[in-house]
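K.L.:
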Amino acid sequence: MCGRPPDASVAALCSECIERLSPAEQACCQRCAAPVGPHLHVQGDCLHCRGETFSFRRVLSLGVYDAELRRAVLMGKELHGSPVITALADVFLDRHLADLWTEPFEAIVPVPHHWRRRLWHLHAASETFAERLAGRLRRPYAPHILRKPRSTARQSSVPPSVRRQQQRGAFEVPEVIRLDGARLLLVDDVLTTGATANAVARALRAAGAADVLVAVLARGLGRRGQTTV
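First residue of the sequence shown: 18, per the numbering used here; consecutive thereafter.
1. Reducing DSSP to helix, strand and coil, say where G93 ends up.
2. So is E95 buried or exposed if we call it buried at 16+ other beta carbons inside 10 Å?
3. Please identify the residue among C66, F122 and F109 whose C-alpha is closest to the C-alpha of I35.
4. Could you check what DSSP says for V246 in three-state terms: helix, strand or coil?
5. If you follow the beta strand (DSSP E) that G68 is part of, which residue opens it and which one closes it?
6. When we look at the beta-carbon of L234 and count the other beta-carbons within 10 Å, is it buried (16 or more) or exposed?
7. Counting only the same chain and skipping the five closest in sequence on each side, list residues whose C-beta sits under 6 Å from that of Q243.
8. Hey, could you find the ends of the alpha helix (DSSP H) S72 is sitting in?
9. Report the partner residues of I194 according to the DSSP bridge assignment.
10. Opposite D205 in the DSSP bridges: which residues?
11. Rounded to the nearest angstrom, how far is the Cβ of R164 from that of P127, given a contact under 8 Å?
12. Is the beta carbon of L154 closer than 8 Å to that of R112?
13. Tell me whether the beta-carbon of C45 lies closer than 8 Å to the beta-carbon of G211.
14. On the CB-based measure, 16 or more other CB atoms within 10 Å of its CB, does S168 come out buried or exposed?
15. Excluding the five sequence neighbours on either side, which residues of its own chain have a C-beta within less than 7 Å of the C-beta of Q43, listed in chain order?
16. In this structure, how does DSSP classify G239 when only helix, strand and coil are distinguished?
17. Can you tell me whether E33 is buried or exposed, with buried defined as 16 or more other CB within 10 angstroms of its CB?
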């Protein structure tokens with residue numbers, strides 16, 4: 018991203034870029050991955066997810082959707098941005114490899130897009146991210162078990178209450194697929210309110226999945242992010 022030689026351990030990024038994209042020792046809520054203050058507990062819920070009911074168990078993220086990380090994610094969403102997403106996936110694995118090895122998930126599933134969006138955006142960041150994780154973790158990549166038959170408005174353009182409402186029923190698992198007892202890693206680029214991830218996780222659980230863990234490149238905080246925690 019900066020033009021310097023990449024670090025040997027992480028593809029396409031130098032050590033300074035890695036530090037800016039994923040600052041070390043950042044305490045996060047273990048439920049929704051939002052940052053928390055140094056004297057607050059990280060177990061259970063936090064200011065950002067308190068009172069929320071999710072169909073997924075936990076979120077893993079690189080950091081807050083802001084500054085350099087936001088810039089990198091937006092670059093990765095561009096037509097030729099897949100190398101950036103792949104590099105971010107490597108940084109994500111560098112941070113969370115120990116967590117992922119201890120999680121008994123059986124397949125990696127990207128959040129799908131409606132077919133009309135795919136016509137305009139041939140590159141899907143969630144799929145590139147998921148494929149990289151699957152390849153390096155040696156777990157099955159399973160984009161076929163989810164689809165999005167109903168188009169929804171861009172999440173950034175609507176308030177949180179509308180996001181939750183419009184995502185209900187937007188995703189489904191084909192009837193021929195059964196996920197009895199499956200433990201799955203759901204992958205997307207950004208999580209803010211959790212409406213999309215929750216709707217997808219709900220569809221997976223309805224099809225029989227026993228557990229859903231979420232991996233995202235960045236955790237958006239929305240207006241709540243202005244509150245000091």
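For glycine and all other residues, C-beta sits at the position ideal for the given N, C-alpha and C.
P.N.:
On the basis of the coordinates in this document:
1. Of the three classes helix, strand and coil, the one that applies to G93 here is helix, per DSSP.
2. By the 10 Å Cβ count, E95 comes out exposed.
3. Minimum Cα distance to I35 is reached at F109.
4. For V246, the predicted structure reports a pLDDT of 28, less than 50, and the residue's modelled location is therefore unreliable. The matter cannot be settled from this model.
5. No residue range can be given for G68, since it is assigned to no beta strand (DSSP E) and is classified by DSSP as neither H nor E.
6. Per the 10 Å Cβ criterion, buried.
7. Unreliable placement is indicated for Q243, whose pLDDT of 38 sits below 50; the coordinate value is still reported in the next sentence. Apart from the 5 residues on each side of it in sequence, Q243 has no Cβ closer than 6 Å to any other Cβ in its chain.
8. No alpha helix (DSSP H) contains S72, which DSSP labels as neither H nor E.
9. According to DSSP, which records beta bridges pairwise, I194 is partnered with nothing at all.
10. Its beta-bridge partners are V233.
11. The Cβ separation is near 11 Å, so there is no contact.
12. Result no, Cβ atoms of R112 and L154 do not sit closer than 8 Å.
13. Contact: no.
14. S168 comes out exposed.
15. So the qualifying residues of the chain are P52 and G80.
16. G239 sits in a helix when the DSSP states are folded into three classes.
17. It is exposed - the Cβ of E33 has fewer than 16 other Cβ atoms within 10 Å.
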